[in-house]
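2 protein chains.
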Amino acid sequence: MAEAALRTRRADVVKAAARLFSERGYHGTSMQHLGDALGLQRGSLYAHIGSKEELLFDVVEEGAERFLERGQRALDGDGSATERLTALLVGHAETAAEHLDSATVFLNEWRYLSEDLRAAVQAKRDRYEAMVRSIVDEGIATGEFRADADVRFAATLVLSAGNWLFSWYRPGGELGPTEIGERFAELLTRGLSR
Amino acid sequence: MAEAALRTRRADVVKAAARLFSERGYHGTSMQHLGDALGLQRGSLYAHIGSKEELLFDVVEEGAERFLERGQRALDGDGSATERLTALLVGHAETAAEHLDSATVFLNEWRYLSEDLRAAVQAKRDRYEAMVRSIVDEGIATGEFRADADVRFAATLVLSAGNWLFSWYRPGGELGPTEIGERFAELLTRGLSR
DNA sequence: GCTTTCCAAACGACCGTTTGTTTGGAACCG
DNA sequence: CGGTTCCAAACAAACGGTCGTTTGGAAAGC
């Protein structure tokens, strides 16, 4: 119970930090801002966290972990390379939309982590990129995708589409995240030309 | 002469600010950092600038202006929609690569401007987006692009490819910006599938 | 009564900005 | 030519305020 209560309270702090960091940036958010958002004195926050940077790490890790989980699900599923690519992009868009704050912090603010922590995040970024590449690889191997496509380059384009989402997607738009992911995948595979 | 000397010195400050803002972020850069980079006391900077925010605005405007110029050139040129789209993406990649600092600040830090200044930048962002849309529009009108393509959505994908560049492009890689722009355009028009 | 939660207060460091003054050299004038 | 005026440029010091963090003790809830 005590554990649970601690975790609950701490989770509140992390959640508020995710929102503020995504809105104002890590360096643009002070402990005062965070305290205000939670109705606490800024000093009181240190009953729940070790440091401001630890808070940033938690938010970034949360974002990274969610993308990795959804990516793995797309890899594990069956279907053609096109279907997997679609599943990955849909999962990516849905993850970004459902957790826009931590996704934004994950993509925008992770570079302000000190070296050790940043390296841990970099490893997860690399793993995610490898997932995308493996799908493209598979598509080329099965003859589904063009053999002359540069794998790393195609993967970069897929990641660009997904990672730029946070900068323009806002809830309540005409298109939901699922449709966005599907249309991205469709355009990326079929192309714009007729 | 005096004017020119003043402008030169001020340009040095703006240039150093572009580098530091892109590396450490706007809020992560102090006037002390900036002074150190120029061999000046932080107070001495105020002989050349009005405020830190004015400095951010200058850097962001510089970045915006360069993208707009290159975009307009792609629109003014002749050729098919595919050729224009290629020209725009190549220009975009080259601009981002040649002025990576201000491009990064333009895309990453502009949101920390206060309302008035941010609105001025937003207008330029809108103009650039409209350029991309007009090319896609043209391609659909001439039958070059698929008629069932959502214009705004295709434009978003193009912008995603271009705007995410700053986060992974580093000078000295295998591919130069020109090739990057060309390959993006090729992949976007022809698609990944065979 | 023990643990969790929070406050009030303080810590030294740094923030962006302003001030008064000094410096070195160019421009002007006799 | 020598002296004066001017000016951009920089420094040293200080302004009030905020930064992230620590500490000691008081409530609150099981």
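If you read the protein sequences in the order shown, they are chains A and Z.
Using the working numbering, you'd call the opening residue of the first sequence number 1 and step up by one each time.
Using the working numbering, you'd call the opening residue of the second sequence number 1 and step up by one each time.
Glycine residues also receive a C-beta, built at the ideal position from the N, C-alpha and C atoms.
In chain order, what residues of the same chain lie with their CB nearer than 7 angstroms to the CB of residue i, ignoring the 5 residues before and after it?
| i | result |
| --- | --- |
| glutamate 182/Z | Thr86, Val90 |
| tryptophan 110/Z | Val60, Arg118, Val121 |
| leucine 45/A | Val13, Met31, Leu34, Gly35 |
| alanine 37/Z | Ala16, Leu20 |
| alanine 5/Z | Its pLDDT being 36, under 50, alanine 5/Z is placed unreliably in this model, and the coordinates cannot settle the point. |
| threonine 29/Z | Leu20, Phe21 |
Once you ignore the five residues that flank residue i on each side, which residues in its own chain have a CB closer than 8 angstroms to its CB?
| i | result |
| --- | --- |
| histidine 27/A | Tyr112 |
| histidine 33/Z | Leu20, Arg24 |
| leucine 192/Z | none |
| alanine 149/Z | Val136, Ile140 |
| glutamate 214/Z | The structure shown does not extend to residue 214/Z, since chain Z is modelled only from 1 through 194, so no value can be given for it. |
| valine 151/Z | Arg133, Val136, Asp137, Ile140 |
| arginine 10/Z | His48, Ile49 |
| alanine 147/A | Ile140 |
| arginine 73/Z | Ala87, Gly91 |
Does residue i come out as helix, strand or coil in the three-state DSSP assignment?
| i | result |
| --- | --- |
| serine 114/A | coil |
| serine 102/A | helix |
| serine 51/A | coil |
| serine 22/Z | helix |
| serine 80/A | coil |
| serine 167/Z | helix |
| serine 30/A | coil |
| glutamine 41/A | coil |
| leucine 175/Z | coil |
| aspartate 126/A | helix |
| glutamate 94/Z | helix |
| aspartate 12/A | helix |
| glutamate 69/Z | helix |
| aspartate 137/A | helix |
| aspartate 150/Z | coil |
| glutamate 61/A | helix |
| glutamate 109/Z | coil |
Report the rounded CA-to-CA distance for residue i versus residue j, giving the unit in angstroms.
| i | j | result |
| --- | --- | --- |
| leucine 175/Z | arginine 66/Z | 22 angstroms |
| glutamate 144/Z | methionine 131/Z | 17 angstroms |
| aspartate 78/Z | phenylalanine 184/Z | 20 angstroms |
| tyrosine 128/A | threonine 8/Z | 45 angstroms |
| threonine 156/Z | glutamine 41/Z | 44 angstroms |
| leucine 56/A | alanine 18/A | 8 angstroms |
| alanine 123/Z | glycine 71/Z | 15 angstroms |
| glutamate 98/Z | glycine 43/A | 45 angstroms |
| arginine 125/A | serine 160/A | 13 angstroms |
| serine 80/A | valine 158/Z | 25 angstroms |
| proline 177/Z | leucine 100/Z | 11 angstroms |
| arginine 194/A | asparagine 108/Z | 35 angstroms |
| serine 196/A | leucine 68/A | Shown here, chain A extends from 1 to 194; a query on residue 196/A therefore has no answer. |
| aspartate 76/Z | glutamate 186/Z | 21 angstroms |
| glycine 173/A | glycine 39/Z | 49 angstroms |
| arginine 170/A | arginine 170/Z | 30 angstroms |
Keeping to the same chain, check which residues put their C-beta closer than 6 angstroms to that of residue i; ignore five residues upstream and five downstream.
| i | result |
| --- | --- |
| phenylalanine 106/Z | Val60, Gly63, Ala64 |
| isoleucine 180/A | Ala93 |
| threonine 189/Z | Thr82 |
| threonine 104/A | Ser22, Phe166 |
| arginine 154/Z | As written in the sequence, residue 154/Z is alanine, which differs from the arginine given in the question. Excluding residues within five positions, the ones whose Cβ falls inside 6 angstroms are Val136. |
| serine 102/A | Ala18, Val59, Glu62, Gly63 |
Across which residues does DSSP place residue i in a beta bridge pair?
| i | result |
| --- | --- |
| serine 193/Z | Phe145/A |
When the Cβ atoms of the region 154–173 of chain Z are set against those of the region 91–101 of chain Z, are three or more pairs found closer than 8 angstroms? Result yes; three or more Cβ-Cβ pairs closer than 8 angstroms.
Between the region 57–64 of chain A and the region 105–120 of chain A, are three or more C-beta pairs nearer than 8 angstroms? With the cut-off at 8 angstroms, the region 57–64 of chain A and the region 105–120 of chain A touch.
Quick one: any contact between the region 129–146 of chain Z and the region 71–86 of chain Z, if contact means 3 or more CB pairs under 8 angstroms? Yes: the two stretches touch, three or more of their Cβ pairs being nearer than 8 angstroms.
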